[in-house]
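Below is one structure; the comments refer to it alone.
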Amino acid sequence: MAFGSCWPTDGTSVVLVVHVAKSWRSRLAIIELEDVHKSFVKAREFVEVLMGIDLTVAEGDFVALMGPSGSGKTTLLNIIGGLDSASAGQVVVAENDLDELSNRELARWRAATIGFVFQFYNLLPVLNAQRNVELPLLLTKLSGKQRRRNAQTALSIVGLDDRAKHKPGELSGGQQQRVAIARAIVADPPILVCDEPTGDLDRDNAEEILDLLQILNREHGKTIIMVTHDPKAADHAKRLLHLDKGKLVDEVAA
Numbered sequence: 001m002a003f004g005s006c007w008p009t010d011g012t013s014v015v016l017v018v019h020v021a022k023s024w025r026s027r028l029a030i031i032e033l034e035d036v037h038k039s040f041v042k043a044r045e046f047v048e049v050l051m052g053i054d055l056t057v058a059e060g061d062f063v064a065l066m067g068p069s070g071s072g073k074t075t076l077l078n079i080i081g082g083l084d085s086a087s088a089g090q091v092v093v094a095e096n097d098l099d100e101l102s103n104r105e106l107a108r109w110r111a112a113t114i115g116f117v118f119q120f121y122n123l124l125p126v127l128n129a130q131r132n133v134e135l136p137l138l139l140t141k142l143s144g145k146q147r148r149r150n151a152q153t154a155l156s157i158v159g160l161d162d163r164a165k166h167k168p169g170e171l172s173g174g175q176q177q178r179v180a181i182a183r184a185i186v187a188d189p190p191i192l193v194c195d196e197p198t199g200d201l202d203r204d205n206a207e208e209i210l211d212l213l214q215i216l217n218r219e220h221g222k223t224i225i226m227v228t229h230d231p232k233a234a235d236h237a238k239r240l241l242h243l244d245k246g247k248l249v250d251e252v253a254a
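Per the numbering used here, residue 1 is the first one in the sequence shown, and the count goes up by one each step.
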């Protein structure tokens, strides 16, 4: 069950829906990539990062993406999250064809649809945990009281309601990553995009973060795409994809 019901909304949710004919299977899909390519020119040399990616992710899935460095994992993640665009092919996420959105529409869509979690926490050191979590809501029409309430709810979900007034320097690495996850979910996006979320943590803290991601997936209905180099981290996902030299080479169901 999603936790959006915990947070009253201001009625400004993004409604930018591309209407396309869908099969029974694709009606369940929240992420659909068809023949996606990404390329660029570097030092007069044509470099193809992604080559013919076809991928369907169902709503509520938890997908781990593995592969050697330079295989295109982060590029693929950025395209799904709307931080980068494909050179060719179609990217449909949460019923929106990203290529058809203007820059302004894409920014609004991204804020409402995607929560980002990175290896490094990217918290502002001068703000306490609650204020850091509130940051994505500053561009909304929510009142200050509602922003604080939503931030408190998110911190409670990640188990840090008692650390709301602590600044990042007063928190452990694992706690800082929990704050970063709370920030990612504070606007109640349906999708979490996680790039090496445990890469800067020791094993115990990494396991706690992975357990938290599983809870967000299983109990709160979040669809999660996670890039990782760690096979133990990948074991927490429902699906395991391998990317090599810009191509999806195989898939393992957990």
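Glycine included, each C-beta is placed from N, C-alpha and C at the ideal position.
Small disclaimer: the values here were computed from a predicted structure and weren't measured.
{"query": "Given this structure, state the Cα-to-Cα distance separating Leu55 from Ile80, to the nearest angstrom.", "result": "10 Å"}
{"query": "Can you list, in chain order, the residues of its chain whose CB lies under 6 Å from that of Gly67, leaving out five sequence neighbours each side?", "result": "Lys73, His242, Leu243 and Asp244"}
{"query": "Does the Cβ-Cβ distance between Asp200 and Gly173 come in under 8 Å?", "result": "yes"}
{"query": "Tell me the start and end of each unbroken beta strand (DSSP E) in the segment 179–242 that is at least 3 residues and wholly inside, in chain order.", "result": "191–195 and 223–227"}
{"query": "Under a three-way DSSP split, which group does Ala164 fall into?", "result": "coil"}
{"query": "Have a look at Glu48 and Ala88 and give me their C-alpha separation to the nearest angstrom.", "result": "11 Å"}
{"query": "Just the Cα atoms here: how many angstroms apart are Val57 and Asp235?", "result": "17 Å"}
{"query": "Count the other CB atoms within 10 Å of the CB of Leu155; is the residue buried (16 or more) or exposed (fewer)?", "result": "buried"}
{"query": "Between the C-alpha atoms of Val249 and Ser71, what's the straight-line distance to the nearest angstrom?", "result": "11 Å"}
{"query": "Have a look at Val36, Glu45 and Leu77 and flag the residue whose alpha-carbon is nearest the alpha-carbon of Gly52.", "result": "Val36"}
{"query": "Quick one: what's got a C-beta closer than 7 Å to Pro136's C-beta in the same chain, skipping five residues either side?", "result": "Ala111, Arg183, Val186 and Ala187"}
{"query": "As an exercise, report each continuous beta strand (DSSP E) stretch of at least 3 residues that is fully enclosed by the segment 106–156, in chain order.", "result": "114–118"}
{"query": "Do Leu50 and Leu76 have their CB atoms nearer than 8 Å?", "result": "yes"}
{"query": "Using only CA atoms, which one of Trp109, Val117 and Leu33 lies nearest to Val92?", "result": "Leu33"}
{"query": "Pull up the CB-CB distance for Thr223 and Leu210, whole angstroms please, since I reckon it's below 8 Å.", "result": "The Cβ separation is near 16 Å, so there is no contact."}
{"query": "Is it true that the CB of Phe118 sits closer than 8 Å to the CB of Asp195?", "result": "yes"}
{"query": "Indicate the three-state DSSP secondary structure (helix, strand or coil) for Lys38 in the structure shown.", "result": "strand"}
{"query": "How would you label Arg104, buried or exposed, when you count the other beta carbons within 10 angstroms and need 16 or more for buried?", "result": "exposed"}
{"query": "If you draw a straight line from the alpha carbon of Asp97 to that of Gln90, how long is it in whole angstroms?", "result": "7 Å"}
{"query": "Using a Cβ-Cβ cutoff of less than 8 Å, which residues in the same chain neighbour Leu28 once the five nearest sequence positions on both sides are dropped?", "result": "Ala58 and Glu59"}
{"query": "Taking the alpha carbon of Lys238 as the reference point, which residue from Ala64, Glu45 and Phe116 has its own alpha carbon closest?", "result": "Ala64"}
{"query": "Apart from the five residues on each side of it in sequence, which residues of its chain come closer than 7 Å, Cβ to Cβ, to Arg163?", "result": "Ala129, Leu171 and Gln175"}
{"query": "Mind checking whether Val179 and Val133 have CB atoms under 8 Å apart?", "result": "yes"}
{"query": "Name the one or two DSSP bridge partners that Thr56 has.", "result": "Glu32"}
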